[in-house]
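Working notes for the structure below.
In the working numbering, the protein residues as written are 57 to 602.
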């Protein structure tokens with residue numbers, strides 16, 4: 057059912073009940089007409105010419121409204137800094153607008169939580185949002201320009217479905233009006249996908265890309281939003297860089313042409329296709345990632361300060377990064393804190409390979425901090441323990457990563473990703489699931505082995521984790537593969553048996569073996585593994601994944 061634009065007669069004060077058109081029709085264009093149109097009564101009332109007569113009518117209508125009806129909306133005074141701060145860099149004076157990431161074809165988070173809409177309008181305006189036969193009086197707050205205000209409403213919880221139209225109208229002091237309409241809006245689950253290059257890795261570069269792209273039109277209830285890249289030294293409250301609007305999946309919107317700038321995350325999109333096929337209702341996907349970024353760029357200063365002294369690792373200058381602390385949190389995450397979400401998918405860690413001890417503090421800290429701030433920014437409508445899925449960094453043992461002298465110690469980084477437990481969820485990373493990737497190397501990847509093309513497998517494993525934790529399908533197997541038996545056959549051979557039979561051992565060189573207690577990292581003997589067997593010619597002291 058489409059929402060209706062508002063007759064001017066129904067605009068009220070904050071906290072007042074607002075009634076929409078009785079017959080469900082929509083006023084397409086108010087055209088700032090000084091006439092007041094009442095579709096409920098099917099007649100036009102012309103504005104009186106005498107100012108005193110207008111004032112008497114307004115006072116009488118105000119009295120009748122408050123005497124006859126009880127307010128149906130509750131307005132919350134937000135205490136979080138994410139609430140439409142007057143420091144917003146996007147604000148310009150005057151005209152009515154939604155925030156930059158609200159557009160046609162979008163997905164808003166469905167029940168049991170509520171979605172928030174916000175934007176800006178001219179100072180002194182009374183702003184009302186109309187959706188599904190109901191009007192919502194906007195809470196307003198001064199902007200950074202005296203000529204403008206920010207407005208904000210919280211919609212009632214809505215079941216999955218659509219499409220809907222959502223309109224916003226501002227009534228000015230001179231009794232003129234502006235109206236903006238969002239069309240083809242769906243309600244479903246919204247997932248945020250963040251990280252570095254493996255999350256940004258586009259659909260057209262993944263294995264089986266042609267088949268994935270050819271089926272894009274089969275998913276009209278998946279909607280895509282790509283957040284434009286940008287950095288900021290201070291927190292922004294709207295995306296200040298040019299963003300594409302929400303789009304439906306197609307070869308073009310997914311980046312089927314590698315020569316076109318428009319691309320979308322393969323892991324994020326494939327996850328969405330599996331989730332939408334399973335659930336049967338709309339899925340919104342927000343792709344928000346930049347290659348080569350460390351976790352500090354995505355974290356708040358509070359988290360970084362807490363973890364600053366958690367490691368004695370000194371990073372050489374050539375391995376330090378040009379991404380300043382919190383610069384991407386400020387510009388690409390903070391603006392979305394007023395947008396209700398279902399959960400987060402995270403694919404990052406390679407850029408922090410040299411500081412695993414610090415990462416074991418930074419990653420859990422970031423997870424908990426994002427949860428807290430999203431909960432506050434959406435006034436309790438995003439789950440304070442929302443499901444958080446991440447991808448284990450894969451094997452990369454050759455000299456192909458510019459920050460590694462010999463090869464990156466990803467084994468230690470993988471351990472740090474789990475906060476020292478080796479699995480997730482765990483007591484530190486609660487309601488967090490992990491997609492194992494150590495069995496999915498891609499040594500011949502044209503994008504370098506650090507960028508494996510097995511994105512369908514990764515997305516499927518994230519999907520299984522989400523089903524188990526986000527949707528409480530407790531019978532779903534999503535963890536592992538775990539070693540279940542290690543057999544020492546002669547002192548020179550070890551056979552490792554895994555819990556599941558469908559493991560993909562796509563590389564023969566996936567283990568490193570220490571053959572004496574004094575072996576240094578440069579003297580490690582690399583062991584071949586074939587059908588689970590590891591063969592070496594010395595006594596084995598230690599074995600681990602690369």
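Just so it is clear, CB atoms sit at the ideal spot from N, CA and C, and this is done for glycine as well.
Just so we're clear, the structure is a prediction, and the values are computed from it rather than from any experiment.
Can you look up residue i in the DSSP assignment and give me helix, strand or coil?
i	result
residue 361	helix
residue 468	helix
residue 280	strand
residue 340	strand
residue 271	coil
residue 496	coil
residue 384	helix
residue 424	helix
residue 542	strand
residue 331	helix
residue 164	strand
residue 535	coil
residue 80	Residue confidence is low: residue 80 scores 33 on pLDDT, short of 50, so the model does not pin down where it sits. No coordinate-derived value is stated.
residue 204	strand
residue 433	helix
residue 326	helix
residue 258	strand
residue 171	coil
residue 210	strand
residue 389	helix
residue 7	No answer is possible for residue 7: the residues shown for the chain start at 57 and end at 602.
residue 419	helix
residue 151	coil
residue 414	helix
residue 266	helix
How would you write the range of the alpha helix (DSSP H) that residue i sits in, first residue to last?
i	result
residue 307	No alpha helix (DSSP H) holds residue 307; DSSP gives it neither H nor E.
residue 514	511-525
If I follow the unbroken beta strand (DSSP E) through residue i, where does it start and stop?
i	result
residue 240	233-251
residue 490	488-491
residue 482	That residue, residue 482, is in no beta strand (DSSP E); it is neither H nor E in DSSP.
residue 225	217-227
residue 401	399-403
residue 6	Coverage of the chain is limited to positions 57 through 602, which leaves residue 6 absent and any answer about it impossible.
residue 192	190-193
residue 45	This structure does not reach residue 45, given that the chain is present from 57 up to 602, and the question cannot be answered.
residue 446	444-447
Give me the Cα-Cα distance between residue i and residue j, rounded to the nearest whole angstrom.
i	j	result
residue 503	residue 257	10 Å
residue 295	residue 488	27 Å
residue 228	residue 470	57 Å
residue 259	residue 268	8 Å
residue 219	residue 360	42 Å
residue 204	residue 177	6 Å
residue 207	residue 156	14 Å
residue 523	residue 398	12 Å
residue 313	residue 199	41 Å
residue 235	residue 181	12 Å
residue 390	residue 285	13 Å
residue 347	residue 446	16 Å
residue 520	residue 226	45 Å
residue 500	residue 506	10 Å
residue 494	residue 540	16 Å
residue 466	residue 405	9 Å
residue 439	residue 527	13 Å
residue 240	residue 362	44 Å
residue 427	residue 209	21 Å
On the criterion of 16 or more Cβ atoms from any shown chain inside 10 Å, does residue i qualify as buried, or is it exposed?
i	result
residue 167	exposed
residue 336	exposed
residue 555	exposed
residue 411	buried
residue 274	exposed
residue 319	buried
residue 222	buried
residue 321	buried
residue 474	buried
residue 441	exposed
residue 170	buried
residue 380	exposed
Consider the C-beta atom of residue i and the heavy atoms of the ligand ZN; say whether any pair is separated by less than 7 Å.
i	result
residue 243	Ligands in the displayed structure: none, and consequently the ligand ZN is not present.
Checklist line | the stretch 289-304 / the stretch 476-492 touching (three or more Cβ pairs under 8 Å) | finding: no
Note to self: Would the stretch 336-346 count as touching the stretch 235-251 if we require 3 or more Cβ pairs under 8 Å?
What the structure shows: yes
Margin query: With a threshold of 8 Å, are at least 3 pairs of Cβ atoms found where one atom belongs to the stretch 184-193 and the other to the stretch 251-270?
Written below: no
Check: Does the stretch 318-337 come close enough to the stretch 514-521 to have 3 or more Cβ pairs within less than 8 Å?
Finding: yes
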